[in-house]
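Just so you know, the sequence shown maps onto residues 1 to 221 in the UniProt record's numbering. For glycine and all other residues, C-beta sits at the position ideal for the given N, C-alpha and C. As the structure is a prediction and not an experimental result, all values here were calculated from the model. What follows is a single structure, written as structure tokens, with notes after it.
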Amino acid sequence: MLVWVIIPAHNEAERIGRVIRGLFEHGWKNVVVVDDGSSDNTAEVARAEGVNLVRHEINRGQGAALQTGNEYAWAQSAEIIVHFDGDDQFDAGDIKGAVELLQNNSLDVVLGSKILDNRSLIPGLKKYFIIPIGRVVNFLMTGVWLTDVHNGFRVLTPLATEKIVITQDGMAHNSDILRQIKKLKLPFAEYPVKVVYHEFGQGTGGGVKIIFDWLISLFVK
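So, in structure tokens, the structure goes:
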């Protein structure tokens with residue numbers, strides 16, 4: 001089974017090397033980093049680690065980086081595509097179980113959730129305010145009820161990535177993807193993943209921006 005891992009990355013030079021090495025240690029050798037117009041040396045670090053690299057000349061947003069990565073994976077005849085953030089918050093050890101869930105249950109999409117088990121130490125404001133609000137807003141917008149609506153960990157079939165065209169360049173791509181999963185009636189499930197929060201990670205402002213992007217996306221569809 002040919003699995004390709006897509007890492008969207010913007011100014012992740014300090015972390016991208018650890019992310020790539022973690023993937024390699026777990027046996028995931030087919031990796032493409034989409035450098036989304038970074039102003040640091042993210043691309044150089046990724047290249048030195050021996051992965052495939054695609055670059056955006058300007059910062060277009062995570063949604064655009066994922067669409068570019070999907071298209072790259074198609075060209076490599078990928079049989080399974082994994083979305084995996086470049087900020088060193090995910091555990092590469094979770095990929096195997098998510099891939100097996102996809103294969104064993106004839107699913108088209110598996111969505112990571114940091115809520116389904118107790119391995120993630122989620123900051124209080126995020127856990128008790130941002131995530132619950134996001135859950136409700138997402139359901140009202142997409143009709144899809146999830147425990148964790150903004151998680152960048154996904155496992156998809158090529159068919160799913162061909163049908164789901166990511167049109168939202170920024171963080172609103174998450175709700176864009178979920179809307180299309182619902183509309184296209186693609187079979188999906190959530191899978192527990194560990195998320196490690198770092199000091200440089202998304203704060204309250206980031207969560208507010210995500211909600212703002214969701215609302216903006218209502219008017220562009």
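Quiz prompt | Run of the alpha helix (DSSP H) containing V99, from where it starts to where it stops | solution = Along the sequence shown, one-based indexing puts residue 99 at 99. For V99, the enclosing alpha helix (DSSP H) starts and ends at 95-104.
Quiz item: DSSP three-state call for D87: helix, strand or coil?
Solution: Counted from its first residue, the sequence shown places residue 87 at position 87. Correct three-state label for D87: coil.
Quiz item: Which term fits D148, buried or exposed, when burial requires 16 or more other beta carbons within 10 angstroms of its beta carbon?
Solution: Stepping through the sequence shown from its first residue, residue 148 is reached at position 148. Buried.
Quiz prompt | Straight-line gap, W4 to I80 (C-alpha atoms, nearest Å) | solution = On the sequence shown, residue 4 is found 4 positions in, with the first residue counted as 1. On the sequence shown, residue 80 is found 80 positions in, with the first residue counted as 1. Going from the Cα of W4 to the Cα of I80 covers about 6 Å.
Self-check item: Endpoints, beta strand (DSSP E) assigned at N174
Solution: As a working mapping, residue 174 is identified with position 174 in the sequence shown. First-last for N174: 173-184, but that is the alpha helix (DSSP H), not the beta strand (DSSP E).
Self-check item: Bridge partners - F188, DSSP secondary structure assignment
Solution: Working through the sequence shown from its first residue, we reach residue 188 at position 188. Its beta-bridge partners are V109.
Exercise. Using alpha carbons as the reference points, say which of D108, R179, E12, F24 lies closest to W145.
Key: Counting from 1 along the sequence shown, the entry for residue 145 is found at position 145. By alpha-carbon distance to W145, the top candidate from D108, R179, E12, F24 is R179.
Quiz item: Per DSSP, which one or two residues make a beta bridge with residue 253?
Solution: Since the first and last residues shown for the chain are 1 and 221, residue 253 lies out of range.
Quiz prompt | Selected residue, minimal CA-CA separation from E49, among Y128, N138, E25, L140 | solution = As a first step, residue 49 is located in the sequence shown; it is residue number 49 there, counting from the start. Of the listed residues, the one whose Cα sits closest to E49 is E25.
Self-check item: Assigned secondary structure, A48 (DSSP; H/G/I helix, E/B strand, else coil)
Solution: For this step, residue 48 is matched to residue 48 along the sequence shown. Correct three-state label for A48: helix.
Self-check item: Beta-carbon proximity list for S113, same chain, < 8 Å, skipping 5 on both sides
Solution: Locating residue 113 in the sequence shown gives position 113, where the first residue counts as 1. Cβ within range, chain order: L146, T147, D148, N151, E190, Y191, P192, V193.
Self-check item: Closest Cα partner of A160 within the set P132, A65, A73, I131
Solution: As a working note, residue 160 is residue 160 in the sequence shown. Answer by Cα proximity: A73.
Self-check item: Sheet register partners of H56 (DSSP bridge)
Solution: Locating residue 56 in the sequence shown gives position 56, counting from the first residue. DSSP lists D36 as partners of H56.
Quiz item: For I6 versus V34, is the C-beta spacing smaller than 8 Å?
Solution: The sequence position of residue 6 within the sequence shown is 6, counting from 1. The sequence position of residue 34 within the sequence shown is 34, counting from 1. Between I6 and V34, the CB-CB gap stays under 8 Å.
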